Structures are given as C-alpha cells and as structure tokens.
Amino acid sequence: MNEEKLKSLTAKSLKWNLVDKLSTQVLYAVTGIVLAWLLPHEDFGLVGAILIFQAFASLFVDSGFSSALIQRKNPTSEDYSTVLWFNLFTAVMLYVALWFCAPYIAEIFQNDTRLIPLSRVMFLSFILNASAIVQTNRLMKQMNVRPIAVTNALGLAAGGAVGIYLAFAGYGAWAIVWQTIVTSGTKSLLLWITNKWLPSFTFSFSILKSFFKVGSGVMATSFLNTIFLNIYSFFIGNRLGMAQLGYYTQADKWSKMGIMSVSQTLTSAFLPTLSSVQDDEERFKRATTKMNRFTAYFIFPSMLFLCLLAEPIFHILFGTKWDMSIVLFQLLLIKGIFTVLTGLYSNYLLSLGRAKTIFVLETVKDGCSLIALLISLPFMTILSDGDIVYGIKIMLAGQIVAALVSCAVSLIVAAKASKQSSLQFVVHLLPYLVITLLALAAAYPACTITSNPWLLAAVQSIVMIGVYVLVNSLLHSALQKEVLSYIFKKSERSVV
C-alpha cells in the first residue's frame, strides 16, 4: 500500500472513529443522565460490583487474539474463524462457571443477595459481545469503521430506550442490566446481518498457536491492567459499601467516557497504520512523531478542560445529587492523561511485535499502582467532616503519582524501540501541555463572576477553546492547520 493511500485510509478511519465515539458518548450520556436522576446510588454500586467480574470474563473470552489479528499483516478467513469459535466456546464456559459462583460474589460484597440474580443475567452480555469481536476486528483491519459506528449507535439507542423505560417503571438496578443486554445483543445482531463475512466450520489449533506469541503477551498485559482497573471498585464495595461504590462508579463511568473514547479512537486508527509500516524505519519514525503530537494536541485540552468544567457539568446534568463524585471525576481525568499516553506507547511496541516488552511495562505499571494502593488502603475508611469519599480521594491521588511514573517508563522504552530519543517524545508533548495550562489560567477567573452552571460552563468553554486555538495559531502550529483543514475539507491532507 503506497503512503498516500495509507494516509487517506488512516484519515477516514480516524474520522469515523471520532464519529463513532461522539455518537456513542452522546447516546450513552443521555441514557446515563436519565438513569442517574431516576436510580439511587446503591443501584449503581450493585452494577459496579458485577462489572468487576464481567471485566475479567470478557478479557478471557478475547485472550488477546483480536489484537494479534490486527497485528498480523494478512489474516485469512480460517484465522478469523478459529478465533471466533475460540471466543464463543470460552464465553459459554465462563458463563456457566460464573452462574454457579453468583452466591459467592454476593458474599464478597457484604452478603448482598441482590447481586445473585442480577449477575446471572448481566453475565449473558459477554457471550453476546464475544460473537461480535471478530466481525468488528475484520472491519477495523480493513479500516472500514463506518459499519461499526452505525451498529454501535443503533445498539446504544435500543439499550438506552429499554433501560430508561424500566427505570421509570421502577425496576431499579435491573434497568441497567437489561440496558446492557439489549445493547450488546443489538450490536452483535446488526454486525452479523450487515457484514458479508461468514465463518467456516473449521478450527485450527496450529493457527491458535501462531497467535499465541502476540496474543499471550496482550492477554497477560490486559489481565494485569484489568486487575488494577477493577481492584479499586472491589475494595470500595468490600470495605465501604454500595453507596460509596455508587459515587465512585459514577465518577469512573463519566471519566472513562472521555478517556476510553480518546484511547480507543487512537488505537483503532493508529495501530493498523503502524503495523503496515513496521518494517520501514523512517516511515515508522515519521508516523510516531505525528501521532505523539496529534495525541498531545487533543488529550491535554480535553482532559484538563473537563476537570475545570466538572462542577458546572455535574450540576447541569444531575443537580447536586452526585456532588461527592465531582472530585473523584477530576482525579480520574488527570490519571487518564497518563493512561492514554501509556496506551499510545504500548501501541508502538505492539505494532513492532514487542508483546513481551508490553507485558514487562504493564508489570511495572501495576507494581507502581499496587504500592500506591497498599500505602493508601489504611486511609480508605477515613471520614473528614462527613465526607464519605475522603478515603477514596487519597487512594486516587496515590494512583495519579503511580500513573505518572509508569508513563515515564513506557515513554523511555517506546522511544528506544522506535530508535528515537526520549527527549524527542517529551518535546512532542510539552508545547500542547503549556498552551493548555495557559488556556486554563485564562478561563478559571470566570468562576468568581457567576455561580450559574450554564453560564459558567459556556464562558469557560469559549475562553478555553478560543485561547487554545489562538495560541496554536500564533505559534504557527502545522498540526492544527492540518486538523482544521481536514475538518473543514479545505484539503485532502490527513492528520496522520
């Protein structure tokens, strides 16, 4: 594939990834806002407890083979079929095991028996998701993101409608459970209906084995990552209760909407591109340089602007019902900056087939997180002036420090693997961080002028975005020119 065609496909892929994430987050947000008004804190805590185990089940279902498929240059139909049957078989076996384990899950969380029937239904969703992994993977490999965006939007719309109806009807936590089931089922069904590919009834252990080198590394990395994404919910639910877990779950959910959208968009658009130029050292260097700058251009303003706007946004969306989630939301966003950057550097290594290196880095990252967690764990149950999430704030502050350290290590390793200096990677990031801080400083004084959340959010948004774009323009940012040219279709150039 020549470079111009690759740029065009990457740009289109990035465009539809952005459309997908935007439409997904809008639909997800609308449903989430309505449910946050209608359901009590404990209902979100119940579902948050179930999601801990669902995250691990989903991880074992995929086993890292979808990433291995993307990393492989020319996967065959038999490759896809083998991974599909493996995913479905693993999903069914895990569901049976978790069905019997439901009473033990309830015991972990203060013997709350409401979790037993809720979990047994909720766990059906990872079987439905398993049936769609390969179909989604094939489209991503082809950089054909449009069908994925459409099916995601329709699935979320259907699930949201069901969830809102059940919440109004008084079904409590069941509204969230059935929202998840309908969303997963609709997305999977539509992908199978619209996708032209059908699997063959073949399964090859040799093919599965051939994916093992990359897949096992990704699997091990994801396993450690999943542990430390969910361990906080585990200890909060186990030691504090469902109400505090509900506050944390809400903060985590809304922060992830921004963090995961950015991370998944970059992964979906960048990984196929990097894989295609993995054997060309100069093209790989150019690609990573632009990806570093492009990521920094978006991640710093998006995450830090949301931090500043957190209070007016929460008050506009939820009133004061979820005020205890606001600071948790801000801390999670700051941590999310380092999460996105670390994920970006892992993509560089994955595209080069360095799965073992990724696993080592994940071990370092999780080691830092574990040390921070162990230090903060004794403080988790502390209350300060009636603040029931005070201990959670301490825990998250420690996790930010851990994330910064692990991000720095990942940057050094990724720079070396791509035969560039660590200083070059840092230089790619710093200008956009500094400009973002200037924009924040310009917008912050608005909070002393008005307490109206609508007016405050509007003024701060205008000032922040205006200053950020203006300063980049004054500094003659070539990246911003390319981004704006692509958005407004003034040029056919891509941003990657």
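Note that the working numbering numbers the sequence shown so that position 192 is 198, with each residue one more than the last.
Even for Gly, the Cβ is constructed at its ideal location relative to N, Cα and C.
Just so it is clear, the structure is predicted and the values come from calculations on it, not from any experiment.
Close-in-space but distant-in-sequence residues of the same chain around residue i (CB under 7 Å, 5 per side omitted)
{"i": "isoleucine 322", "result": "Pro459, Trp460, Ala463"}
{"i": "arginine 126", "result": "Trp105, Ala108"}
{"i": "alanine 159", "result": "Ser29, Thr30, Leu33"}
{"i": "threonine 192", "result": "Leu160, Gly161, Ala164, Gly165"}
{"i": "valine 333", "result": "Lys399"}
{"i": "alanine 136", "result": "Val67, Asn93, Leu94, Ala97"}
{"i": "leucine 435", "result": "Asn298, Ala302"}
Whole-Å CB distance - residue i paired with residue j, under 8 Å assumed
{"i": "leucine 124", "j": "alanine 167", "result": "Not confirmed; about 20 Å, so no contact."}
{"i": "leucine 121", "j": "isoleucine 187", "result": "At roughly 16 Å, the Cβ-Cβ gap does not stay under 8 Å, so leucine 121 and isoleucine 187 are not in contact."}
{"i": "leucine 45", "j": "alanine 257", "result": "Actually they are not in contact, since the Cβ atoms of leucine 45 and alanine 257 sit about 16 Å apart, beyond 8 Å."}
{"i": "alanine 423", "j": "leucine 356", "result": "11 Å between Cβ atoms; not a contact."}
{"i": "glutamine 60", "j": "methionine 128", "result": "6 Å"}
{"i": "leucine 446", "j": "tyrosine 351", "result": "No, leucine 446 and tyrosine 351 are not in contact; Cβ-Cβ is about 25 Å, not under 8 Å."}
{"i": "leucine 172", "j": "threonine 387", "result": "Wrong, their Cβ atoms sit about 34 Å apart, outside the cutoff."}
Residue i classed as buried or exposed, judged by whether at least 16 other C-beta atoms fall within 10 angstroms
{"i": "tryptophan 105", "result": "exposed"}
{"i": "valine 98", "result": "exposed"}
{"i": "phenylalanine 328", "result": "First, the residue type needs correcting, since residue 328 is tryptophan and not phenylalanine in the sequence shown. Buried, since its Cβ has 16 or more Cβ neighbours within 10 Å."}
{"i": "isoleucine 242", "result": "buried"}
{"i": "isoleucine 199", "result": "exposed"}
{"i": "asparagine 143", "result": "buried"}
{"i": "asparagine 212", "result": "This sequence places serine at residue 212; asparagine is not what is there. That one is exposed."}
{"i": "aspartate 393", "result": "exposed"}
{"i": "valine 433", "result": "exposed"}
{"i": "asparagine 117", "result": "exposed"}
{"i": "alanine 112", "result": "buried"}
{"i": "lysine 259", "result": "buried"}
{"i": "isoleucine 265", "result": "buried"}
{"i": "serine 64", "result": "buried"}
{"i": "tyrosine 110", "result": "exposed"}
{"i": "asparagine 80", "result": "exposed"}
{"i": "glycine 472", "result": "exposed"}
{"i": "leucine 476", "result": "exposed"}
{"i": "threonine 363", "result": "buried"}
Among the options, the one whose alpha carbon lies nearest that of residue i
{"i": "valine 40", "options": "Tyr110, Phe174, Val188", "result": "Phe174"}
{"i": "tyrosine 34", "options": "Ala163, Ile343, Ile154, Leu376", "result": "Ala163"}
{"i": "lysine 505", "options": "Ala421, Leu435, Val156, Ser479", "result": "The first residue shown for the chain is 7 and the last is 502, placing residue 505 beyond what the model contains."}
{"i": "isoleucine 154", "options": "Leu28, Lys296, Thr294", "result": "Leu28"}
{"i": "glutamine 430", "options": "Trp43, Glu488, Asn298", "result": "Asn298"}
{"i": "phenylalanine 209", "options": "Trp198, Pro318, Ser137, Asp85", "result": "Asp85"}
{"i": "methionine 309", "options": "Ser261, Ala414, Ser424", "result": "Ser261"}
{"i": "phenylalanine 62", "options": "Phe324, Leu90, Ile133", "result": "Ile133"}
{"i": "alanine 361", "options": "Val419, Ile237, Phe385, Ser190", "result": "Val419"}
{"i": "asparagine 353", "options": "Gly392, Ala293, Lys193", "result": "Ala293"}
{"i": "isoleucine 170", "options": "Ala42, Lys147, Val433", "result": "Ala42"}
{"i": "serine 382", "options": "Phe365, Thr82, Leu356, Gln405", "result": "Gln405"}
{"i": "asparagine 201", "options": "Arg152, Ser190, Tyr101", "result": "Arg152"}
{"i": "tryptophan 203", "options": "Ser83, Gly325, Ile455", "result": "Ser83"}
{"i": "isoleucine 305", "options": "Trp91, Val440, Arg245, Gly373", "result": "Val440"}
{"i": "methionine 401", "options": "Phe115, Val415, Leu380", "result": "Leu380"}
{"i": "isoleucine 114", "options": "Val477, Gln426, Ser239", "result": "Ser239"}
{"i": "asparagine 244", "options": "Ser190, Ser427, Leu100, Ile56", "result": "Ile56"}
{"i": "serine 216", "options": "Met330, Gly359, Met146", "result": "Gly359"}
{"i": "valine 183", "options": "Phe324, Gly54, Ile377, Val36", "result": "Gly54"}
{"i": "asparagine 236", "options": "Met263, Ile58, Val415, Ile468", "result": "Ile58"}
{"i": "serine 206", "options": "Cys374, Thr454, Val89, Gly373", "result": "Val89"}
Contacts around residue i, its chain only, beta-carbon distance under 8 Å, and the 5 residues preceding and following it disregarded
{"i": "serine 479", "result": "Gln486"}
{"i": "leucine 443", "result": "Leu310"}
{"i": "valine 102", "result": "none"}
Same chain only: Cβ atoms within 6 Å of residue i, ignoring 5 sequence neighbours per side
{"i": "leucine 197", "result": "Ala138, Gln141, Thr157"}
{"i": "serine 390", "result": "Tyr396"}
{"i": "proline 318", "result": "Pro459, Leu462, Ala463"}
{"i": "valine 25", "result": "Ala155"}
{"i": "proline 307", "result": "Thr442, Tyr474"}
{"i": "tryptophan 91", "result": "Phe209"}
{"i": "leucine 337", "result": "Leu402"}
{"i": "leucine 145", "result": "Pro153, Ile154"}
{"i": "serine 194", "result": "Leu134, Ser137, Ala138"}
Any chain D beta carbon closer than 7 Å to residue i
{"i": "lysine 193", "result": "Of the chains in the structure shown, none is chain D; there is only one protein chain."}
- prompt: Contact between the stretch 364-374 and the stretch 309-321: three or more CB pairs below 8 Å?
  reply: no
message: Within 8 Å, do at least three Cβ pairs link the stretch 406-418 to the stretch 323-342?
response: yes
message: Three Cβ pairs or more, each shorter than 8 Å: is that satisfied between the stretch 380-399 and the stretch 445-453?
response: no
- prompt: Quick check: the stretch 480-490 against the stretch 344-352, are there 3 or more CB pairs under 8 Å?
  reply: no
- request: Pair every Cβ in the stretch 248-265 with every Cβ in the stretch 48-61, then say whether three or more of these pairs are closer than 8 Å.
  value: yes
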